[in-house]
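Take a look at the structure set out below.
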Amino acid sequence: MRAVEDALGIQIPNNARIIRNLIEGIQYVQDHVIHFYHLHALDWVDVTSALDADAAATAQLAQSISDWPNSSPAHFQTVKDKLATFVNSGQLGPFANGYWGHPAYKLPPEANLMAVAHYLEALDWQKDVIRVHAILGSKNPHPQTYLVGGMAITIDPDSESAINADKIALMRKLFVKAKQFVDQVYVPDLLAVASFYKDWAGYGGGLGNFLAYGEFPGATGDLLLPRGIILDQDLSTVHPVDQEQITEYVTHSWYQYEGGDQASLHPWQGETQPNYTGPQPPYEFLETDGKYTWLKAPRYEGRPMEVGPLARMLVAYASGQPRVKQVVDSVLQQLGVGPEALFSTLGRTAARGIETAVVAEQLVPWLDELVAQMADGNFTVVNTDHWDPAGWPAEAKGWGPMEAPRGALGHWVQIKDEKVANYQCVVPSTWNASPRDASGQPGAYEASLVGTPIADPEQPLEILRTIHSFDPCMACAVHVVDGQGRELTRVEWEGRM
Amino acid sequence: MAKIAIDPITRIEGHLRIEAQIDGGQVTDAWSSSTMFRGLEIIMKGRDPRGSWLMAQRI
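Quick mapping for you: the protein sequence lines, in order, are chains W and S.
Quick note on my numbering: the first sequence kicks off at 2 and runs consecutively.
Quick note on my numbering: the second sequence kicks off at 133 and runs consecutively.
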């Protein structure tokens with residue numbers, strides 16, 4: 002969207018900017034909460050241990066860290082009974098196939114029960130708050146109301162199908178509900194869980210290079226979360242981003258470039274020519290000295306970079322963004338650790354919670370921006386000046402940067418004779434899950450795993466902690482079964498040597 | 133010393149595989165592999181750029 006708008010020189014109206022911020026903002030909040038509870042928490046929370054919890058003591062713990070009303074002994078007893086029913090029936094349902102009882106689990110039974118209770122509450126909460134996507138985007142996922150030049154959802158106080166006073170009121174209710182859960186459940190739980198795993202501030206750091214394109218433009222183009230680069234964990238300098246410095250290698254990727262395997266190409270000149278050289282399945286291991294993945298290796302000035310909430314929070318923190326600085330410092334203080342702790346698996350997970358709090362509190366103010374526009378009688382949502390291809394130049398190219406919840410996302414487009422001549426997407430997981438490049442430099446996951454302690458190689462829970470801390474859109478367990486109940490996931494061994 | 137492979141570490145789109153070398157109770161080297169081809173860039177070529185976002189959104 003932004004790539005094509007950039008290529009054609011289109012400025013979107015203020016209302017479209019606000020509506021896009023609202024759609025993306027609630028997406029951050031919903032995504033991050035789902036990630037924490039449903040995709041990541043069970044790397045830290047032992048569900049079966051919750052059965053040993055005392056409901057009254059759990060209520061006491063919950064009430065000591067939050068004002069969340071749903072914290073009575075009766076509530077936690079109900080959750081515990083429900084869980085016991087699951088376990089006694091031999092069907093763990095959503096909690097099947099975890100590494101339960103693994104020695105790396107450190108939470109007391111009460112903290113485990115509290116987290117399980119909130120896991121279930123978060124399921125209900127998330128389906129409600131994302132109704133904003135139905136209102137503004139017509140559906141979720143993949144909202145349908147985007148349009149080159151603005152938005153295709155109209156604002157009209159007199160129309161039932163447009164954005165009107167009723168819909169504003171409903172969204173306001175949902176935004177308040179979103180923020181409450183973040184402030185009273187997610188953030189307190191995150192701090193409580195993190196306090197038992199401070200050793201994970203020493204693992205999973207990885208590259209130490211961070212890239213953020215920045216996001217949530219204000220009326221004057223300023224960004225709530227700033228753009229910038231941090232190199233070698235040095236928070237004293239934020240480097241500017243020059244998109245011309247981004248290139249991709251395919252040395253270890255199942256692609257070929259016309260210029261050969263050592264070449265790197267800027268996305269405007271990017272090529273997508275598949276060239277699978279890997280083993281035929283079933284296989285035991287990939288040939289990691291050669292090509293071993295379908296992801297290219299993006300680099301900035303030749304350096305591998307980490308993207309995501311940690312990158313955004315570090316760039317914002319180092320740039321002196323006042324609210325981010327306040328929340329980061331408060332979290333560090335409550336955990337009793339310094340800023341160096343951020344460069345870790347724990348820091349990555351904490352940064353996501355910090356960001357959620359910062360974004361959640363903007364939702365109502367952004368909605369009020371829209372209300373003010375409506376009060377002024379400004380209902381424009383799209384700029385159609387360059388909609389007609391007859392007015393386009395014969396050739397144009399554009400760059401569309403954004404920050405998806407999982408990190409920096411860039412699209413590069415070349416337009417020729419009204420058609421796409423080349424389109425390249427460098428998505429967050431391409432940065433983070435990148436393979437080696439021509440000079441052998443590892444990607445973010447690869448670098449972050451080195452040094453991770455493994456208590457039992459047949460139950461590599463610790464690897465999941467670090468990989469999941471990047472939020473690569475994964476389900477919560479490595480053991481996955483298909484419709485016939487066959488186990489699809491393998492943990493393969495090469496014997497001890 | 134042992135080498136392990138975790139596959140799939142599931143994702144909503146595509147698959148992730150991690151191979152890791154383990155020595156002395158810790159990871160000494162790791163490789164990240166996406167085992168599914170995307171190819172949207174090829175699909176988008178030659179089409180109306182006003183519809184690119186609708187396809188790119190599916191990534």
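Beta carbons: idealized from backbone N, C-alpha and C, even for Gly.
Kindly indicate the opening and closing residues of the beta strand (DSSP E) around residue i.
{"i": "residue 301(W)", "result": "298–301"}
{"i": "residue 12(W)", "result": "No beta strand (DSSP E) holds residue 12(W); DSSP gives it neither H nor E."}
{"i": "residue 456(W)", "result": "Residue 456(W) -> no beta strand (DSSP E), and no H or E assigned at all."}
{"i": "residue 447(W)", "result": "Element bounds for residue 447(W): not the beta strand (DSSP E) but the alpha helix (DSSP H), 445–450."}
{"i": "residue 357(W)", "result": "Where residue 357(W) is concerned, there is no enclosing beta strand (DSSP E), although the alpha helix (DSSP H) it sits in stretches over 346–361."}
{"i": "residue 423(W)", "result": "420–427"}
{"i": "residue 1(W)", "result": "The structure shown does not extend to residue 1(W), since chain W spans only 2 to 498, so no value can be given for it."}
{"i": "residue 216(W)", "result": "216–218"}
{"i": "residue 325(W)", "result": "From DSSP, residue 325(W) is part of no beta strand (DSSP E) but of the alpha helix (DSSP H) over 323–336."}
Is there a Cβ from chain S that is less than 8 angstroms from the Cβ of residue i?
{"i": "residue 447(W)", "result": "yes"}
{"i": "residue 2(W)", "result": "yes"}
{"i": "residue 475(W)", "result": "Low confidence applies to residue 475(W): its pLDDT is 34, below 50, so where it sits in the model is not reliable, and the reading given next is rough at best. Judged by the 8 angstroms Cβ criterion, residue 475(W) is in contact with chain S."}
{"i": "residue 278(W)", "result": "no"}
{"i": "residue 420(W)", "result": "yes"}
{"i": "residue 286(W)", "result": "yes"}
{"i": "residue 450(W)", "result": "yes"}
{"i": "residue 41(W)", "result": "no"}
{"i": "residue 24(W)", "result": "no"}
{"i": "residue 258(W)", "result": "no"}
{"i": "residue 201(W)", "result": "no"}
{"i": "residue 434(W)", "result": "yes"}
{"i": "residue 295(W)", "result": "yes"}
{"i": "residue 11(W)", "result": "no"}
{"i": "residue 453(W)", "result": "yes"}
{"i": "residue 406(W)", "result": "no"}
{"i": "residue 250(W)", "result": "no"}
{"i": "residue 486(W)", "result": "Annotation note: pLDDT 34 at residue 486(W) (below 50); position unreliable, no value reported."}
{"i": "residue 416(W)", "result": "yes"}
{"i": "residue 35(W)", "result": "no"}
{"i": "residue 464(W)", "result": "yes"}
{"i": "residue 14(W)", "result": "no"}
{"i": "residue 481(W)", "result": "Note that residue 481(W) scores 29 on pLDDT, short of 50, meaning its location in the model is unreliable and no value can be drawn from it."}
{"i": "residue 103(W)", "result": "no"}
{"i": "residue 428(W)", "result": "yes"}
{"i": "residue 412(W)", "result": "yes"}
{"i": "residue 494(W)", "result": "Confidence at residue 494(W) is low in this model, with a pLDDT of 40, below 50, so the placement of that residue should be treated as unreliable; the coordinate-derived value is given next. With 8 angstroms as the cut-off, residue 494(W) counts as an interface residue toward chain S."}
Could you spell out the range, first to last residue, of the alpha helix (DSSP H) harbouring residue i?
{"i": "residue 166(W)", "result": "166–182"}
{"i": "residue 133(W)", "result": "132–138"}
{"i": "residue 67(W)", "result": "First-last for residue 67(W): undefined, no H or E at that position."}
{"i": "residue 370(W)", "result": "364–376"}
{"i": "residue 414(W)", "result": "Where residue 414(W) is concerned, there is no enclosing alpha helix (DSSP H), although the beta strand (DSSP E) it sits in stretches over 408–417."}
{"i": "residue 397(W)", "result": "Looking at the DSSP string, residue 397(W) is not in any alpha helix (DSSP H); the run it does join, the beta strand (DSSP E), is 396–405."}
Cα-Cα, which of the options is closest to residue i?
{"i": "residue 402(W)", "options": "78(W), 98(W), 213(W) and 145(W)", "result": "213(W)"}
{"i": "residue 350(W)", "options": "55(W), 227(W) and 34(W)", "result": "34(W)"}
{"i": "residue 179(S)", "options": "74(W), 397(W) and 416(W)", "result": "416(W)"}
{"i": "residue 384(W)", "options": "151(W), 473(W) and 269(W)", "result": "151(W)"}
{"i": "residue 134(S)", "options": "154(S), 160(S), 141(S) and 169(S)", "result": "154(S)"}
{"i": "residue 303(W)", "options": "229(W), 245(W) and 91(W)", "result": "245(W)"}
{"i": "residue 148(W)", "options": "191(S), 187(S), 183(S) and 188(S)", "result": "183(S)"}
{"i": "residue 236(W)", "options": "311(W), 391(W) and 198(W)", "result": "311(W)"}
{"i": "residue 111(W)", "options": "130(W), 53(W), 134(W) and 87(W)", "result": "53(W)"}
Could you work out which residues of chain S lie near residue i, taking near to mean beta carbons separated by less than 8 angstroms?
{"i": "residue 558(W)", "result": "There is no way to answer for residue 558(W), as the model of chain W reaches only from 2 to 498."}
{"i": "residue 143(W)", "result": "189 and 190"}
{"i": "residue 149(W)", "result": "181, 182 and 185"}
{"i": "residue 273(W)", "result": "171, 173 and 174"}
At a CB-CB cut-off below 9 angstroms, which residues of chain S make contact with residue i?
{"i": "residue 461(W)", "result": "136, 138, 150, 152, 154 and 159"}
{"i": "residue 5(W)", "result": "181, 182, 184 and 185"}
Just to make sure I have the definition right: I need the residues of chain S whose C-beta is within less than 7 angstroms of the C-beta of residue i. Which are they?
{"i": "residue 468(W)", "result": "141 and 150"}
{"i": "residue 402(W)", "result": "Within chain S, no residue comes near residue 402(W); the closest Cβ sits about 13 angstroms away, beyond 7 angstroms."}
{"i": "residue 458(W)", "result": "134, 136 and 154"}
{"i": "residue 289(W)", "result": "151 and 163"}
{"i": "residue 382(W)", "result": "Correct list: empty, because the minimum Cβ distance to chain S is about 16 angstroms."}
{"i": "residue 444(W)", "result": "164"}
Nearest chain C C-beta to residue i closer than 8 angstroms, yes or no?
{"i": "residue 316(W)", "result": "Note that chain C does not occur in the displayed structure, where the protein chains are W and S."}
Give a yes or no on contact between the stretch 167–183 of chain W and the stretch 195–214 of chain W, applying the rule of three or more CB pairs nearer than 8 angstroms.
no
Inter-stretch contact at 8 angstroms, needing at least 3 Cβ pairs: the stretch 20–31 of chain W / the stretch 216–226 of chain W
yes
Taking one C-beta from the stretch 364–374 of chain W and one from the stretch 13–22 of chain W each time, how about it: are there three or more such pairs within less than 8 angstroms?
yes
Is the stretch 81–101 of chain W touching the stretch 48–64 of chain W in the sense that three or more CB pairs, one from each, lie closer than 8 angstroms?
yes
How about the stretch 154–169 of chain W and the stretch 100–120 of chain W: do they share at least three Cβ pairs that are nearer than 8 angstroms?
no
Is the stretch 437–453 of chain W touching the stretch 319–327 of chain W in the sense that three or more CB pairs, one from each, lie closer than 8 angstroms?
no
Across the stretch 265–283 of chain W and the stretch 233–248 of chain W, are there enough close Cβ pairs to call them in contact, namely three or more that are closer than 8 angstroms?
yes
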